[in-house]
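Participant: Below: one structure in structure tokens.
Numbering (mature numbering (1 follows the signal peptide of the UniProt record, and there is no 0)), first residue to last: -23 to -1, 1 to 129.
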């Protein structure tokens, strides 16, 4: 090395966002591989996982998932949900977001009781049902009494 020359190493700062980790900066050496772990990733397949990248290689947010194809053969999602960047470059500087999704099924059951004319009545199955039927019968009795007594 020549006198007065200094050895330098380029480092790259990446911003990593995840469901559990919040935000953190990661420093990596240029040309070396980097694995970004998604702390909120579901443990069991099929994984519902996305990595969103906004780097010098993308014009906007790019989405990667374990089921998707490699992004420009540069980054890929590993089976455990981590993101592999085989050789970090200046163009990889940017923001990486990981989103682990847990499947959530929400069901809503609507149940209505309708009283139809001519419908057979069955015996109530519980006290609450019996009270409700009694209320319905009471609200209909005044109407029947008014229509039956008004014509004398």
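All C-beta atoms in this analysis are idealised placements derived from N, C-alpha and C, irrespective of residue type, glycine included.
#1: Could you pull the start and end residues of the beta strand (DSSP E) that residue 55 belongs to?
#2: Using DSSP's beta-bridge definition, name the partner residues of residue 31.
#3: Have a look at 7, 29, 68 and flag the residue whose alpha-carbon is nearest the alpha-carbon of residue 59.
#4: So, using beta-carbon positions, are residue 67 and residue 3 closer together than 8 Å?
#5: Please classify residue 56 as buried or exposed, where buried requires at least 16 neighbouring CB atoms within 10 angstroms.
#6: Below 8 Å on the Cβ atoms is my contact criterion, and I expect residue 14 with residue 71 to pass it. Report the Cβ-Cβ distance as a whole number of Å.
#7: So residue 62 and residue 69 are in contact, right, with Cβ under 8 Å, and what is the actual spacing, rounded?
#8: Rounded to whole angstroms, what is the Cα-Cα separation between residue 53 and residue 27?
#9: For residue 9, I'd like the list of residues in its chain whose CB is within less than 8 Å of its CB, leaving aside the five on either flank, ordered along the chain.
Facilitator: According to the structure data:
#1: For residue 55, there is no enclosing beta strand (DSSP E), as DSSP marks it with neither H nor E.
#2: For residue 31, DSSP records a beta bridge to 72.
#3: That would be 29, whose Cα lies nearest to the Cα of residue 59.
#4: No Cβ-Cβ contact shorter than 8 Å links residue 67 with residue 3.
#5: Exposed: under 16 other Cβ atoms inside 10 Å.
#6: Rounded, the Cβ-Cβ distance is 18 Å, inconsistent with contact.
#7: The beta-carbon separation of residue 62 and residue 69, rounded to 6 Å, stays under the 8 Å limit for a contact.
#8: Taking the straight line joining both Cα atoms gives about 11 Å.
#9: Around residue 9: 64, 65.
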